[in-house]
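Residue numbers (numbering that gives the first Met the number 0), protein chains in the order written: chain E, 0 to 373; chain A, 0 to 633.
Glycine included, C-beta positions come from ideal geometry on N, C-alpha and C.
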Amino acid sequence: MFQHNRLSNELTFWQKVKELDFVLLISILLLSVLSLFVMYSTDGGEILYHTKSHFSKIIIFFPLMILIAFFNIKWWHNFSYIFYIIIILLLLYVSFFGIKSSGSRRWMDLYLFNLQPSELMKIAIILCLAKYYHRIKIENVNSVTSIMTAVTIILLPITMVISQPDLGTSILIATSGLIILWLGGVKIKYFIYSFIIFLISLPFIISFLKPYQKLRILTFLDPDRDPLGAGYQIIQSKIAIGSGGLDGKGFLKGTQSYLDFLPEKHTDFIFTLFSEEFGFIGSIGLLVLYSIIIIRILRIGAISRSNFSRLFCFGFAFAIFFYIFVNLSMVLGLLPIVGSPLPIMSYGGSSMLATMIGFGIVLSAKINHKQMIA
Amino acid sequence: MIKGNSGIRKTDIINRRMFIIGAAKIIILTGIIVRLFSLQVNENKKYLTLSDKNRIREWKLPPVRGEIVDYFGNIIAGNLKVYQLHIIPEQVENFNYLLSRLKTLLNLSDKKIEKIIKLKNQLKPWESIIVSENLSWNDFLKINNYLYDLVGVKPVMTISRNYPFREVYTHILGYVSQPNEEEILANETVKERFVPGIKIGKLGLEKTLENYLIGTNAIQRYEVNAYGKRINQLEHQKGKQGLRVRLTVDTEVQEACGKLLNDRAGSISVMDIYKGDIIAMYSSPSYDPNKFLFGISNDDWALIRNNPLKPLVNKTLAGLYSPGSTIKPIVALSALENKIVSPSFKVKCTGKIELYGQTFHCWKEKGHGVVSLKNAMKQSCDTYFYEVARLLGVDRLNITAEKFGLGKKVLGDYFDFEKSGLFPNTKWKKNNLGKGWVLGETLITGIGQGYTQTTPLQLCLMTAQIANGGYSLKPRIIVDNNPISNEEAKSKLKEETLHSEQKKLFKDSKNIKIVQEAMFSSTNELYGTSYKSRIDDPKYQFAGKTGTAQVKRISMRERELDLKIEQIPYKDRDHALFVAYGPYINPRYALSIIVEHGGSGSRTAAPIAKDLFKLIIDREDLRNKQKNFEEIEI
Numbered sequence: 000m001f002q003h004n005r006l007s008n009e010l011t012f013w014q015k016v017k018e019l020d021f022v023l024l025i026s027i028l029l030l031s032v033l034s035l036f037v038m039y040s041t042d043g044g045e046i047l048y049h050t051k052s053h054f055s056k057i058i059i060f061f062p063l064m065i066l067i068a069f070f071n072i073k074w075w076h077n078f079s080y081i082f083y084i085i086i087i088l089l090l091l092y093v094s095f096f097g098i099k100s101s102g103s104r105r106w107m108d109l110y111l112f113n114l115q116p117s118e119l120m121k122i123a124i125i126l127c128l129a130k131y132y133h134r135i136k137i138e139n140v141n142s143v144t145s146i147m148t149a150v151t152i153i154l155l156p157i158t159m160v161i162s163q164p165d166l167g168t169s170i171l172i173a174t175s176g177l178i179i180l181w182l183g184g185v186k187i188k189y190f191i192y193s194f195i196i197f198l199i200s201l202p203f204i205i206s207f208l209k210p211y212q213k214l215r216i217l218t219f220l221d222p223d224r225d226p227l228g229a230g231y232q233i234i235q236s237k238i239a240i241g242s243g244g245l246d247g248k249g250f251l252k253g254t255q256s257y258l259d260f261l262p263e264k265h266t267d268f269i270f271t272l273f274s275e276e277f278g279f280i281g282s283i284g285l286l287v288l289y290s291i292i293i294i295r296i297l298r299i300g301a302i303s304r305s306n307f308s309r310l311f312c313f314g315f316a317f318a319i320f321f322y323i324f325v326n327l328s329m330v331l332g333l334l335p336i337v338g339s340p341l342p343i344m345s346y347g348g349s350s351m352l353a354t355m356i357g358f359g360i361v362l363s364a365k366i367n368h369k370q371m372i373a
Numbered sequence: 000m001i002k003g004n005s006g007i008r009k010t011d012i013i014n015r016r017m018f019i020i021g022a023a024k025i026i027i028l029t030g031i032i033v034r035l036f037s038l039q040v041n042e043n044k045k046y047l048t049l050s051d052k053n054r055i056r057e058w059k060l061p062p063v064r065g066e067i068v069d070y071f072g073n074i075i076a077g078n079l080k081v082y083q084l085h086i087i088p089e090q091v092e093n094f095n096y097l098l099s100r101l102k103t104l105l106n107l108s109d110k111k112i113e114k115i116i117k118l119k120n121q122l123k124p125w126e127s128i129i130v131s132e133n134l135s136w137n138d139f140l141k142i143n144n145y146l147y148d149l150v151g152v153k154p155v156m157t158i159s160r161n162y163p164f165r166e167v168y169t170h171i172l173g174y175v176s177q178p179n180e181e182e183i184l185a186n187e188t189v190k191e192r193f194v195p196g197i198k199i200g201k202l203g204l205e206k207t208l209e210n211y212l213i214g215t216n217a218i219q220r221y222e223v224n225a226y227g228k229r230i231n232q233l234e235h236q237k238g239k240q241g242l243r244v245r246l247t248v249d250t251e252v253q254e255a256c257g258k259l260l261n262d263r264a265g266s267i268s269v270m271d272i273y274k275g276d277i278i279a280m281y282s283s284p285s286y287d288p289n290k291f292l293f294g295i296s297n298d299d300w301a302l303i304r305n306n307p308l309k310p311l312v313n314k315t316l317a318g319l320y321s322p323g324s325t326i327k328p329i330v331a332l333s334a335l336e337n338k339i340v341s342p343s344f345k346v347k348c349t350g351k352i353e354l355y356g357q358t359f360h361c362w363k364e365k366g367h368g369v370v371s372l373k374n375a376m377k378q379s380c381d382t383y384f385y386e387v388a389r390l391l392g393v394d395r396l397n398i399t400a401e402k403f404g405l406g407k408k409v410l411g412d413y414f415d416f417e418k419s420g421l422f423p424n425t426k427w428k429k430n431n432l433g434k435g436w437v438l439g440e441t442l443i444t445g446i447g448q449g450y451t452q453t454t455p456l457q458l459c460l461m462t463a464q465i466a467n468g469g470y471s472l473k474p475r476i477i478v479d480n481n482p483i484s485n486e487e488a489k490s491k492l493k494e495e496t497l498h499s500e501q502k503k504l505f506k507d508s509k510n511i512k513i514v515q516e517a518m519f520s521s522t523n524e525l526y527g528t529s530y531k532s533r534i535d536d537p538k539y540q541f542a543g544k545t546g547t548a549q550v551k552r553i554s555m556r557e558r559e560l561d562l563k564i565e566q567i568p569y570k571d572r573d574h575a576l577f578v579a580y581g582p583y584i585n586p587r588y589a590l591s592i593i594v595e596h597g598g599s600g601s602r603t604a605a606p607i608a609k610d611l612f613k614l615i616i617d618r619e620d621l622r623n624k625q626k627n628f629e630e631i632e633i
């Protein structure tokens, strides 16, 4: 049977359906439904713009994810470089013709919604590097050319994203890329060396930061520096989370958010609202849900026969984890404020699209986990 | 196979490295959970407080002031509904239009309009501007009729102080008005309860009892959003009205005092001789305290301030007068107590005596002939008292006078402007004027002239303490928590003297009796100075002593001219005084009357007492029957 399947190379539709990871699927669905309720709360307990928009995005992107899952992982493997190049081109387009909003040029008008190509790059870079390290011979992994190639693959998009400017997303892209390098077998010493170089050049980098970015770092170090100005967000976020307590203030009863003390509650600070209303118990519940998703993705990576699938799954699982880590650390006052959404929960089409594509490919890897890729 | 091998080796590396990352993830996740726990569980209280601080804002409303009632429970300082006009700027569509509409409707001055615009710029858009604090009913109706056209205008009904008896109680109660910054800072309670529009006591009992009367603020808690806008009302915490204060005064008597003085400058005090209750305390002329509530107009203020009869001065407490002959009972008592004279001691009055070349005149030019103590008091013979004072000496007289309350504040706890007056002695003169005492000064002190200065209330207290048999009284104007009957008060007074010698003002009660009898004869026997004002009915019969205090030294020429009162300029006329107590049998009340520049005590002051005693004694029953109602402790 095995042989036959491998030779015939294609599963029937029902076989594919049977092979779907239902635990992962249900978890994602659960998270999506939860995000709708939270969005409903940010709208002040009414079905207003954000709720409707978020709902419509789920309605479009969730089936899209399943559609992606039904494409053979091999196809995604073949498509990886092209995908990366398309996104690079989009980034290029955006840097010239993008919509400018609050000082940065990140978006392109797609008529239905504004697409942020840098969000898609978070997935594209994983795909691209997964393919690269899947194909490269183990002996060549640490050769100068291959490392230079990989680093170029990472540096190209992040320079474009930084110049938008969008520090948060570029950090996320860089980290997602670096993790594939790590998984691919690049020697530890290179990581250590480059970390040291990074530290040395840090003052130099800081001098290149925009004033508002410097302010964010200073504010992070001491939020009470300017409690009504730059420190306001982080102070209010901590108040909201802290006042939530063990079991929260209750659904739709988060005073910090509905009285507008909480800034950007739809996007970066969505966890703050959730945590205020559902408390420590609710927050742990959310983290458990995320953990289930991550563990399922890791499991799929572990059972995949192809290293491409494995690299993508591990890389994507890490990326999801890292997004959550950066977002939570930010709202909990552990990291400076860098714009970084919470996957699925945060309002924002591009972020959800990227995440759903990622989930789709993971599901495809699951369906085709026995598939070898040459 | 090499390729396959490479693939497997690669897989191993990937798995191994994933494992390391997995471990790191668990550590990081733990860190985040610990942080969440510390914020949400450990520091929950702190952040909950901060969150409430964010969202809950309190609005204090002006407290409702406690009422002040007279002995019978009639409200003498109450609260009245007033109509106010507020503008809430954020609700106004067109501010200029609104102002022009209001201007024509209410006849507002340009100055007022400017003030409103200035206020608008100072306040936050949701804070109301008070356009008018006290709108007339007509204006209030007008506003309500045009309300559809006045978007953002809010007619408000609120409560304000009111003095229903107008000028009758001004000098006791004082009045309330808006506090200035100093007054807010000076009083912790006011500071704490201050809200715009609050009124505090500026004078009198309203000022002294501020902390009892003020009441507590009603508090309205609102939930506000990040921009400070009220979202919804959380709770309304009712304020407590200030305490109700009941005074010992009787409005009927107080009003009668005002009528009897009839806008002449002067004062009347009436006191219960056993309880020390002040039944009336009227200073004339008075003014209407209601005018001060919303800021007095310049014209009204000028009228009060420039009145030569000085309505702003509380003459009962802060008016200083020579007691004149009303001091004679004390001189007589002091002489008796010090065994200088006996009732049978006699002096021959020839109309004047000479001392070291100085002549001291008796008021009766022809003299009284040979007079005893009783006759001297009855006819108010100055010569007799010159002689007695000379024998007694000012220092011994001073001791008795001070015992009876002269030179000391009577109600100083309640009225900060009260004056203590003065009864001189040799030491006082040495210390204050740096000169030795002269015997001639003893003589004039003996007839209540010279350095002696007394307030009308001191004279009333002095008389009351003679009337009650020589027991020290603690006068009071606020009803306390332990109502007692007259008899109880009487025996309590005597009982207290057993424990404290200080309370007993006499050595021998016979001496008090002699003085009382002498005062009786002065009013009720022929040739007595107040004989014309006597009441024969024993129910009202009273004993008194007239006094005529010189305002300036009478020159020889004037003495010879013997001018009629109408012929003397007002400012130079003598003050007319009268002190009395009654009924003579079983006395209950003492009073003192002063009419500034009223001429002689017997002609001007004593007749007032006649009218007053009738009223006071008629009301005695009512007063005794008055049930004690909810009392407060002060």
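Straight-line gap, residue i to residue j (C-alpha atoms, nearest Å)
{"i": "His367 (chain A)", "j": "Cys348 (chain A)", "result": "5 angstroms"}
{"i": "Lys314 (chain A)", "j": "Lys206 (chain A)", "result": "18 angstroms"}
{"i": "Glu254 (chain A)", "j": "Tyr413 (chain A)", "result": "22 angstroms"}
{"i": "Asn161 (chain A)", "j": "Ser554 (chain A)", "result": "50 angstroms"}
{"i": "Asn585 (chain A)", "j": "Ile272 (chain A)", "result": "11 angstroms"}
{"i": "Gln357 (chain A)", "j": "Thr441 (chain A)", "result": "13 angstroms"}
{"i": "Gly77 (chain A)", "j": "Phe164 (chain A)", "result": "10 angstroms"}
{"i": "Ile293 (chain E)", "j": "Arg8 (chain A)", "result": "25 angstroms"}
{"i": "Asn289 (chain A)", "j": "Tyr174 (chain A)", "result": "8 angstroms"}
{"i": "Ser324 (chain A)", "j": "Leu458 (chain A)", "result": "11 angstroms"}
{"i": "Asn261 (chain A)", "j": "Ser283 (chain A)", "result": "8 angstroms"}
Residue interval of the alpha helix (DSSP H) (run including residue i)
{"i": "Arg220 (chain A)", "result": "Here Arg220 (chain A) belongs to no alpha helix (DSSP H); instead the beta strand (DSSP E) covers Ile218 to Val223."}
{"i": "Gln14 (chain E)", "result": "Phe12 to Glu18"}
{"i": "Ser328 (chain E)", "result": "Asn306 to Val330"}
{"i": "Asp299 (chain A)", "result": "Asn297 to Arg304"}
{"i": "Cys348 (chain A)", "result": "Not the alpha helix (DSSP H): Cys348 (chain A) falls in the beta strand (DSSP E), residues Val346 to Cys348."}
{"i": "Gly44 (chain E)", "result": "No alpha helix (DSSP H) holds Gly44 (chain E); DSSP gives it neither H nor E."}
Residue environment, residue i, which counts as buried when at least 16 other CB atoms sit within 10 Å
{"i": "Met634 (chain A)", "result": "This structure leaves residue 634 (chain A) out entirely; chain A is present only between 0 and 633."}
{"i": "Ile58 (chain E)", "result": "exposed"}
{"i": "Asn43 (chain A)", "result": "buried"}
{"i": "Gly597 (chain A)", "result": "buried"}
{"i": "His498 (chain A)", "result": "exposed"}
{"i": "Pro178 (chain A)", "result": "buried"}
{"i": "Asp165 (chain E)", "result": "buried"}
{"i": "Leu531 (chain A)", "result": "This sequence places Lys at residue 531 (chain A); Leu is not what is there. Label assigned to Lys531 (chain A): exposed."}
{"i": "Asn53 (chain A)", "result": "buried"}
{"i": "Arg5 (chain E)", "result": "Per-residue confidence for Arg5 (chain E) stands at a pLDDT of 47, beneath the threshold of 50, marking its modelled position as unreliable; the derived number appears in the next sentence. Flag for Arg5 (chain E) reads exposed."}
Terminal residues of the beta strand (DSSP E) in which residue i lies
{"i": "Lys80 (chain A)", "result": "Ile74 to Ile86"}
{"i": "Val369 (chain A)", "result": "Gly368 to Val370"}
{"i": "Val143 (chain E)", "result": "No beta strand (DSSP E) holds Val143 (chain E); the alpha helix (DSSP H) holding it covers Val143 to Ile161."}
{"i": "Asp271 (chain A)", "result": "Gly265 to Asp271"}
Below 8 angstroms, how does it come out for the stretch 123 to 130 of chain A and the stretch 33 to 48 of chain A: are there three or more Cβ pairs, yes or no? Contact fails: fewer than three Cβ-Cβ distances are below 8 angstroms.
Check whether the stretch 257 to 270 of chain E and the stretch 328 to 343 of chain E touch, using three or more Cβ-Cβ pairs below 8 angstroms as the test. Yes, they touch.
Under 8 angstroms, with one C-beta from each stretch per pair, do the stretch 542 to 552 of chain A and the stretch 515 to 527 of chain A reach the 3-pair mark? Touching, per the Cβ criterion.
Complete alpha helix (DSSP H) runs within the stretch 62 to 132 of chain E (minimum length 4 residues, chain order): Runs found: 72 to 96.
Runs of beta strand (DSSP E) wholly within the stretch 100 to 185 of chain A (minimum 3 residues, chain order): Within the stretch 100 to 185 of chain A, the complete beta strand (DSSP E) segments of 3 residues or longer fall at 128 to 134 and 152 to 161, listed in chain order.
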